[in-house]
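Asker: Structure provided below as structure tokens; questions to follow.
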Amino acid sequence: MKVVVITGSPHKKGTSACLADNFIKGATEAGHEVYRFDAAFKKVRPCLGCKACITKGEGCVLKDDMEELNPKLLEADAVVFASPIFYCNLSAQIKTVIDRFFANDRAICGKRKTALLTTMEDKTMRSAEGVNICFRNTAIWLDWEVAGIVNAMECLSVEVLEKTDYPQKAYELGKNL
Numbered sequence: 001m002k003v004v005v006i007t008g009s010p011h012k013k014g015t016s017a018c019l020a021d022n023f024i025k026g027a028t029e030a031g032h033e034v035y036r037f038d039a040a041f042k043k044v045r046p047c048l049g050c051k052a053c054i055t056k057g058e059g060c061v062l063k064d065d066m067e068e069l070n071p072k073l074l075e076a077d078a079v080v081f082a083s084p085i086f087y088c089n090l091s092a093q094i095k096t097v098i099d100r101f102f103a104n105d106r107a108i109c110g111k112r113k114t115a116l117l118t119t120m121e122d123k124t125m126r127s128a129e130g131v132n133i134c135f136r137n138t139a140i141w142l143d144w145e146v147a148g149i150v151n152a153m154e155c156l157s158v159e160v161l162e163k164t165d166y167p168q169k170a171y172e173l174g175k176n177l
């Protein structure tokens, strides 16, 4: 299985990166081919909504690092998102990438699995509720099967996260994808 993991944290060694690392370890051990796209360290411009990708049929008019991701996205059997939750939402970096899926909307619909890995400081699921709804609705829109969600609560630092079972949950999700 070809798996694309899209991360959205501006912290290379942060909490959501830790979950992504554990997911990738499990997926790799299970024999999956994994491609990681760290959105916060790429140049990805926001969708212009110009619809040239539809009307001209030549893909997105914006030429940036989405050109690196798009071929992998089109080949993917699974797409996994890993993001910290900022103000009850995914990071802006990962949301920008998701919005740019529009250029490939028809091509990526159906026959894929998806998963969500999030970290947050909140002690309750309140911060994750909106993210989870948006994620599930995106999966419905794209006709993707939700393989799982790991929402890591009360994890402001990697040191705190590593004392929980969330890294193991991310690993198992990758292993059992």
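According to full-length UniProt numbering, the sequence shown is numbered sequentially starting from 1.
Every residue gets a Cβ at the ideal spot worked out from N, C-alpha and C, and that includes glycine.
1. By how many angstroms is the C-alpha of residue 57 removed from the C-alpha of residue 14?
2. With DSSP run on the structure shown, which of helix, strand or coil describes residue 159?
3. Kindly indicate which three-state DSSP category residue 10 falls into: helix, strand or coil?
4. Do you know how far the Cα of residue 133 is from the Cα of residue 151?
5. I'd like to know whether the C-beta atoms of residue 16 and residue 83 end up nearer to each other than 8 Å.
6. By the 10 Å Cβ neighbour count, where 16 or more other Cβ atoms means buried, how is residue 4 classified, buried or exposed?
7. Within its chain, find whatever has a CB closer than 6 Å to the CB of residue 59; leave out the 5 residues flanking it on each side and keep chain order.
8. Tell me whether residue 83 sits in a helix, a strand or coil according to DSSP, three-state version.
9. Here's the rule: buried if 16 or more other CB atoms are within 10 angstroms of the residue's CB, otherwise exposed. What is residue 87?
10. Only counting runs of 4 or more residues, tell me where the alpha helix (DSSP H) segments fall wholly within the region 45 to 129, in order along the chain.
11. Under the three-state reduction of DSSP, which class applies to residue 43: helix, strand or coil?
12. What's the gap between the Cα of residue 142 and the Cα of residue 165?
13. Buried or exposed, going by whether 16 or more other CB atoms sit within 10 Å of the CB of residue 99?
14. Would DSSP call residue 151 helix, strand or coil?
Answerer: Short version:
1. Spanning the two alpha carbons is a distance of roughly 39 Å.
2. Reduced to three states, the DSSP call for residue 159 is helix.
3. Of the three classes helix, strand and coil, the one that applies to residue 10 here is coil, per DSSP.
4. Taking the straight line joining both Cα atoms gives about 13 Å.
5. A contact, by the Cβ cut-off of 8 Å.
6. Buried, because 16 or more other Cβ atoms sit within 10 Å of the Cβ of residue 4.
7. In chain order, 53 and 103 place their CB closer than 6 Å to the CB of residue 59, counting only its own chain and leaving out the 5 sequence neighbours on each side.
8. In this structure, residue 83 counts as strand in the three-state DSSP scheme.
9. Exposed.
10. If we require 4 residues or more, the alpha helix (DSSP H) runs fully inside the region 45 to 129 come out as 52 to 55, 66 to 75, 92 to 99 and 105 to 108.
11. If DSSP states are grouped into helix, strand and coil, residue 43 belongs with coil.
12. Rounded to whole angstroms, residue 142 to residue 165 spans 30 Å at the Cα level.
13. It is exposed - the Cβ of residue 99 has fewer than 16 other Cβ atoms within 10 Å.
14. Note: residue 151 maps to strand in three-state DSSP.
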